[in-house]
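Chains as they are written, first to last, in my numbering: chain A, 1 to 519; chain B, 1 to 519.
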């Protein structure tokens with residue numbers, strides 16, 4: 001495998017699964033050309049005039065869609081770890097004797113461990129999409145036939161839109177749908193919130209199958225997925241386990257260290273002057289973030305300040321902000337708990353967004369860069385502020401990218417993380433896998449202090465005299481190494497075997513993931 | 001000009017404005033191939049990270065968009081006869097010295113008479129789009145440089161989607177917008193309801209300019225037009241005259257003849273068994289249709305029946321149906337009065353649709369064919385049930401097609417019309433211009449009786465014994481000729497000079513419009 005060195009000094013393969021790759025050129029350096037992909041032109045003459053596209057079962061739909069060896073099949077992670085449909089789908093594909101599928105999920109979860117047998121027997125050739133947990137471990141150990149490709153949510157949209165990934169058949173799990181294929185995730189027994197991750201697939205795939213366990217009379221409203229893009233509708237008894245599709249409630253951290261991090265974030269954004277009328281932010285559903293929201297709310301109330309919009313993943317904490325009048329809008333990309341789902345159904349100002357609106361870098365701007373500050377996590381951060389979200393220091397690929405890369409363009413990107421986990425430092429001299437370049441990462445907030453990127457002199461100035469524990473990142477690095485008894489052991493990697501590559505938001509390759517040698 | 005004969009026996013030119021044409025082949029006979037058009041791939045690196053795309057004025061936006069001689073510029077008729085923007089746009093184009101523009105409006109109105117000087121001086125080469133009133137007269141008299149092309153709303157979407165019409169610059173009038181280009185028509189001083197006719201343009205045009213007289217902080221919600229498709233935003237003092245953009249209220253007819261027609265429609269759909277739980281229909285905003293709605297409501301209430309959905313053009317009469325619980329949904333393509341606009345803003349179940357969802361024939365089905373019955377008008381109907389909506393019997397092109405052709409695929413298509421107008425018969429032996437083939441037209445309802453297409457034996461059976469004045473169309477034809485003293489005089493046409501062509505919903509040419517010879 002011929003390797004190239006990219007603009008951040010990482011080695012990346014010239015070709016991946018037979019496709020030529022462009023090495024990462026630097027932020028905003030790639031000049032895309034050409035036109036967006038187009039789905040095949042269809043005619044109403046080929047579709048039932050009464051709009052009823054229901055076919056007997058998944059197998060029939062796949063047959064009608066012309067499923068063949070080597071095709072690309074896409075699925076989505078809206079059902080998270082409660083997803084039964086994707087496993088059912090590949091059981092069906094296997095039963096049809098089909099081989100060498102490129103599986104293109106928006107993400108995979110531990111529940112998809114079921115599919116390892118299909119990776120072994122050649123039903124699935126390789127996975128392009130985030131691999132959380134067991135599938136990542138399987139890939140890390142060099143067991144997958146092809147090379148994995150990880151993209152951010154925005155990068156996945158970009159790849160489909162730009163024609164870099166051509167989807168033959170998209171299979172969309174729809175918690176509610178009508179016979180025409182209009183579909184929504186915000187209601188039904190398997191409600192998951194929204195279906196934005198399937199938007200690109202519905203627009204660009206050659207064939208689109210909607211599977212639902214809650215068929216309603218036309219029209220299914222809202223139509224998060226438009227029936228006009230759908231070929232076949234399939235009824236299934238159940239899409240999965242509702243309790244794993246969505247949490248009853250998301251939970252604030254109780255760890256004193258993590259609560260301290262949350263408090264530091266709140267104090268930092270206040271000191272930096274972000275909390276003012278009309279501001280915006282994005283914070284996910286992790287325990288630290290939820291605690292931060294509680295502190296932030298108190299500060300907003302004390303100051304009498306209202307946000308213009310907040311970006312989800314939504315949780316009951318964001319919903320409270322909306323319903324208490326602390327923000328005009330929630331612009332939501334993914335609902336994490338039942339209150340998020342309810343609010344999306346009931347509140348005009350709880351808005352359904354998508355990787356197109358929020359994250360696509362090959363668009364005419366996107367929402368991510370308009371946000372005042374974003375609070376994210378990481379598995380590792382290094383002395384150059386480069387960060388990793390996909391591998392651990394032992395080299396294992398265990399997490400997806402999600403919207404993380406896309407969010408880095410916010411006006412102030414904050415990584416909030418404990419300085420070590422299981423006595424392994426999180427602040428390292430060099431990240432195992434480089435997923436986000438340090439020039440986009442502005443602030444690191446840990447329980448032992450806050451490091452500000454030296455490029456952000458404005459932020460350094462703003463928080464001067466605030467009493468916050470501002471430190472150089474080198475100082476945090478030293479402190480953590482002392483506590484943990486030294487740097488993490490370097491992973492045992494086979495540098496001759498790339499098991500996956502990490503795409504940047506523009507489709508270039510920013511780093512490689514190598515096979516882990518078992519001891 | 002070489003002429004071909006199409007499947008309905010009409011002569012059509014082989015080429016129009018240098019582009020080769022496909023003659024109409026029969027309903028559903030064209031087999032489209034290839035892929036949908038794609039807009040150029042852009043990068044966020046070229047757009048302001050804070051999302052602010054506002055430029056100084058229309059001229060600056062046009063310059064940045066690279067306006068050149070011969071380009072195609074699209075506009076939309078959401079502002080109807082109150083539109084000031086399109087005139088302002090062409091004043092600007094003229095002042096820039098640009099020539100030979102193909103103007104591609106979704107429709108034009110009498111207010112655009114202002115543009116005749118630009119058709120004369122070569123600023124505009126020709127119009128592709130419906131021409132209502134003065135522009136139609138100008139074209140009919142052979143004064144336009146190029147040949148006009150008329151399409152239905154769905155046909156316009158199809159032509160853009162299929163790459164048949166490539167738009168260089170789309171200019172979208174937005175009653176409310178934010179600096180990112182998100183736009184809505186349902187609020188603001190120039191509120192018009194929705195912006196669905198600009199949807200295709202926003203997706204497929206090379207450059208998209210949003211012009212607004214009501215700039216709001218991001219996010220503008222709802223985003224009927226997505227800022228992610230927009231290049232430039234321009235503030236203008238006023239988009240036009242609100243009283244001509246939307247009516248205060250739409251008015252029911254007071255003519256006894258027309259009230260009788262409305263009553264017949266209501267009795268016919270009742271007798272035919274359409275009024276039952278879960279039914280659907282579409283009826284526009286003409287005086288007959290509004291009167292029909294009143295009769296229909298009474299019948300629905302008497303029967304205790306609820307519709308699943310009704311299709312607008314919405315008016316206060318449809319809104320009343322929604323708010324009184326007589327329908328679950330309004331699926332609205334165009335709001336005609338202030339109550340329609342208010343309801344679209346306030347009611348979750350008053351749904352914004354588009355030519356993509358409702359009318360595009362080169363899609364995976366559309367809403368139009370799912371509707372139980374539709375009530376439409378016409379300028380002429382002939383003995384074969386063929387109908388005309390664009391020219392009068394004197395040959396003058398004075399009306400657009402609107403969604404009329406697209407609606408013909410409903411389960412029962414009813415044309416409701418007076419049997420004569422100004423003592424000129426509306427039922428004729430052969431239509432001047434064939435816009436809709438008789439095989440799609442099921443019922444003609446006039447004040448003198450009802451004619452059912454002999455192909456629809458089911459309908460003939462259903463209303464047998466209803467006491468309704470069912471007649472053969474030939475009988476209506478004879479009666480009307482007697483009243484009017486004979487058939488309409490044949491128009492004086494120059495058959496060697498095609499001034500416009502009429503497209504069918506699949507992009508083929510169904511008929512030609514000829515130059516009218518002045519006496």
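Here a beta-carbon is modelled for each residue, glycine too, at the ideal position from N, C-alpha and C.
- The Cβ-Cβ distance between residue 414 of chain A and residue 480 of chain A does not fall below 9 Å.
- Within chain A, the residues 219 have their CB atoms less than 7 Å from the CB of residue 331 of chain B, given in chain order.
- Counting only runs of 4 or more residues that sit fully inside the stretch 359–383 of chain A, no alpha helix (DSSP H) segment turns up.
- Using a Cβ distance threshold of 9 Å, residue 138 of chain B and residue 150 of chain B do not count as a contacting pair.
- Judged by DSSP secondary structure, residue 413 of chain A falls within the beta strand (DSSP E) whose first and last residues are 413–416.
- 278 and 280: these are the residues of the stretch 254–287 of chain B whose beta carbon lies less than 9 Å from some beta carbon of chain A, given in chain order.
- Rounded to the nearest whole angstrom, the C-alpha separation of residue 52 of chain B and residue 276 of chain A is 20 Å.
- Residue 83 of chain B and residue 111 of chain B have their alpha carbons spaced roughly 7 Å apart.
- Contact annotation: in the stretch 342–366 of chain A, residues whose CB is within less than 8 Å of a CB in chain B are 348, 349, 351, 356, 357, 360, 361, 362, 363, 364, 365 and 366.
- Annotation: Cβ neighbours of residue 228 of chain B in chain A (cutoff 8 Å, chain order): 356, 357, 360, 363, 364, 365 and 366.
- Chain A has a Cβ within less than 9 Å of the Cβ of residue 41 of chain B.
- A straight line joining the alpha-carbon of residue 54 of chain A with that of residue 442 of chain B spans about 28 Å.
- In the three-state DSSP reduction, residue 218 of chain B falls in the coil class, being neither helix nor strand.
- Beta-bridge pairing by DSSP links residue 13 of chain B to B:3.
- Residue pairing from DSSP places residue 247 of chain B in a beta bridge opposite B:337.
- Taking the beta carbon of residue 37 of chain A as reference, the chain B residues within 7 Å of it are 38, listed in sequence order.
- When 7 Å is used as the limit between beta carbons, residue 44 of chain B is near these residues of chain A: 361, 363, 365, 366 and 369, in chain order.
- For residue 268 of chain B, the uninterrupted alpha helix (DSSP H) run begins and ends at 256–271, by DSSP.
- Secondary-structure assignment with DSSP links residue 282 of chain B through a beta bridge to B:311 and B:374.
- A check of alpha carbon separations from residue 449 of chain B across B:194, B:478 and B:457 identifies B:478 as the nearest.
- Apart from sequence neighbours up to five positions away, the residues of its chain that approach residue 382 of chain B with a beta-carbon distance below 7 Å are 428, 429, 430 and 431, ordered along the chain.
- Residue state for residue 327 of chain A is assigned as strand, using DSSP reduced to three classes.
- Per DSSP, the unbroken alpha helix (DSSP H) holding residue 156 of chain A starts and ends at 153–161.
- When Cβ-Cβ separations below 9 Å define contact, residue 411 of chain A makes contact with chain B.
- Secondary structure at residue 99 of chain B: coil, using DSSP grouped into helix, strand and coil.
- When the Cα atoms are used, residue 253 of chain A and residue 417 of chain A turn out to be separated by approximately 13 Å.
- Proximity of chain B to residue 336 of chain A at the Cβ level (cut-off 8 Å) is not reached, the minimal Cβ distance being about 21 Å.
- Check the Cα spacing between residue 379 of chain A and each of A:182, A:356, A:422 and A:372: the tightest is with A:422.
- Segment contact: the stretch 87–104 of chain A against the stretch 269–285 of chain A, fewer than three CB-CB distances shorter than 8 Å; contact not assigned.
- Under the DSSP assignment, residue 202 of chain B falls in the alpha helix (DSSP H) whose first and last residues are 199–204.
- Pairing residue 26 of chain B with residue 15 of chain B, the inter-Cα distance amounts to about 19 Å.
- The straight-line gap separating the alpha-carbon atoms of residue 18 of chain A and residue 147 of chain A is approximately 10 Å.
- Judged by pairs of C-beta atoms under 8 Å, the stretch 69–86 of chain A does not touch the stretch 41–48 of chain A, as fewer than three such pairs exist.
- CA-CA distance, residue 341 of chain B to residue 468 of chain B, rounds to 37 Å.
- Taking C-beta separations shorter than 7 Å and ignoring five residues to either side along the sequence, the partners of residue 240 of chain B in its chain run 79, 82, 83, 84, 85 and 190, following chain order.
- Rounded to the nearest whole angstrom, the CA to CA distance from residue 159 of chain A to residue 387 of chain B is 47 Å.
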